[in-house]
Amino acid sequence: MITNVLNTRYNFCQTSAWYFKRKVQEAMQSSEQFPLQGRVEVDEFVIGGKEEGNQGRAKGDRKIILIAVEKVCRNRKTGRAYAQCIEDYSSTSFQPFKEKHIDKKSRVVTDGWTAYAPLKNIFPRLEQIESGNGKNFPHLHTHIMNFKGWLRGDSSSCF
């Protein structure tokens with residue numbers, strides 16, 4: 684949510700819009716006390732724009748974000764989500780995030796990336812399926828696109 688949108692759409696003064704945004708962010712801050720449960724979809728993505736000569740999982744100067752989304756089966760929607768910057772694409776980088784934010788009994792579903800395979804020791808119900816360019820993880824990729832839109836300040840779908 685950018686304060687300019689609040690200013691123009693709802694006629695807030697800039698200072699009030701900024702304070703409102705801060706209060707919303709504080710209210711939404713997670714206690715991180717409740718790990719994700721049930722079916723949890725996990726993926727990684729990069730932010731920071733395109734770089735010449737870097738494709739796919741080539742990091743360059745970009746930041747790698749690991750995201751986990753809890754899928755609520757009774758209404759086929761998403762529940763809570765956690766995201767965090769990680770250093771690289773190794774299972775060593777994935778492990779602390781997953782141990783902190785995902786319940787060990789959860790059914791963790793990821794794409795076929797090889798770095799997820801060693802995590803089966805921690806998450807015995809880990810399942811790897813082909814991403815299908817995101818088609819097999821529509822809720823997860825909606826979260827990723829919303830996150831990227833939020834970073835760009837594109838809040839058109841937030842109101």
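Here the sequence shown stands for residues 684 to 842, where the numbers follow our numbering. Virtual Cβ for every residue (Gly too), placed ideally from N, Cα, C. As the structure is a computational prediction, the values presented were derived from the model and not from experiment.
Practice prompt. Name the one or two DSSP bridge partners that R705 has.
Written response: Locating residue 705 in the sequence shown gives position 22, counting from the first residue. For R705, no pairing in a beta bridge is given by DSSP.
Output yes or no for whether 8 Å exceeds the beta carbon distance between E753 and L719.
In the sequence shown, residue 753 corresponds to position 70, counting from 1. In the sequence shown, residue 719 corresponds to position 36, counting from 1. For E753 and L719, yes; Cβs fall inside 8 Å.
(Q) Tell me the rounded alpha-carbon separation between G835 and R692. (A) Here the question's residue 835 lines up with position 152 in the sequence shown. Here the question's residue 692 lines up with position 9 in the sequence shown. Note that residue 835 is Arg in the sequence shown, not Gly. Their backbone Cα atoms lie some 18 Å apart in a straight line.
**Y702 to I812 span [Cα, whole Å]** = On the sequence shown, position 19 is the one that residue 702 refers to. On the sequence shown, position 129 is the one that residue 812 refers to. Approximately 43 Å between the Cα atoms of the pair.
Would you say N690 touches the ligand NAP, meaning its beta carbon is less than 7 Å from a heavy atom? What this structure holds is no ligand at all, so the ligand NAP is not there to describe.
| field | Residues sharing a beta bridge with R722, DSSP | value | Looking up residue 722 in the sequence shown gives position 39. Its beta-bridge partners are K754 and R790.
inquiry  = List, from N- to C-terminal side, the alpha helix (DSSP H) runs of 4 residues or more that fit wholly inside the stretch 759-823.
reply    = 774-784
Notebook entry, point to check: Does DSSP put F728 in a helix, a strand or coil?
Noted result: Counting from 1 along the sequence shown, the entry for residue 728 is found at position 45. In this structure, F728 counts as strand in the three-state DSSP scheme.
Cβ-Cβ separation, F777 to A798 (assumed contact under 8 Å), whole Å: Along the sequence shown, one-based indexing puts residue 798 at 115. Along the sequence shown, one-based indexing puts residue 777 at 94. Rounded, the Cβ-Cβ distance is 6 Å, consistent with contact.
| said: Pop quiz: I827 and F717 are said to be a contact at Cβ under 8 Å. What is the actual Cβ separation, rounded to whole angstroms? | reply: Counting from 1 along the sequence shown, the entry for residue 827 is found at position 144. Counting from 1 along the sequence shown, the entry for residue 717 is found at position 34. In this structure I827 is not in contact with F717, their Cβ atoms being roughly 22 Å apart against a cut-off of 8 Å.
Here's the rule I'm using: 16 or more other beta-carbon atoms within 10 Å means buried, otherwise exposed. How should E709 be labelled?
Position 26 of the sequence shown, counted from the start, is the residue given in the question as residue 709. By the neighbour-count rule (16 or more Cβ atoms within 10 Å), E709 is not buried but exposed.
Worksheet entry | Outcome for F842 when other beta-carbon atoms lying within 10 angstroms are tallied against a minimum of 16 | For the purposes of this step, residue 842 is taken as residue 159 along the sequence shown, with counting starting at 1. In this prediction, F842 has a pLDDT of 43, which is less than 50 and means its spatial position is unreliable; what the coordinates show is noted afterwards. With fewer than 16 Cβ atoms within 10 Å of its Cβ, F842 is classed as exposed.
* Inter-residue CB distance, A766 and F830 (contact presumed, cutoff 8 Å) -> Your numbering for residue 766 matches position 83 in the sequence shown. Your numbering for residue 830 matches position 147 in the sequence shown. Correct: roughly 7 Å between the Cβ atoms.
E724 and L823 closer than 8 Å at C-beta:
Position 41 of the sequence shown holds residue 724. Position 140 of the sequence shown holds residue 823. For E724 and L823, yes; Cβs fall inside 8 Å.
*asked:* If the criterion is Cβ atoms closer than 8 Å, does the pair F806 and K787 meet it?
replied: The residue you call residue 806 lines up with position 123 of the sequence shown. The residue you call residue 787 lines up with position 104 of the sequence shown. The answer is yes: Cβ separation under 8 Å.
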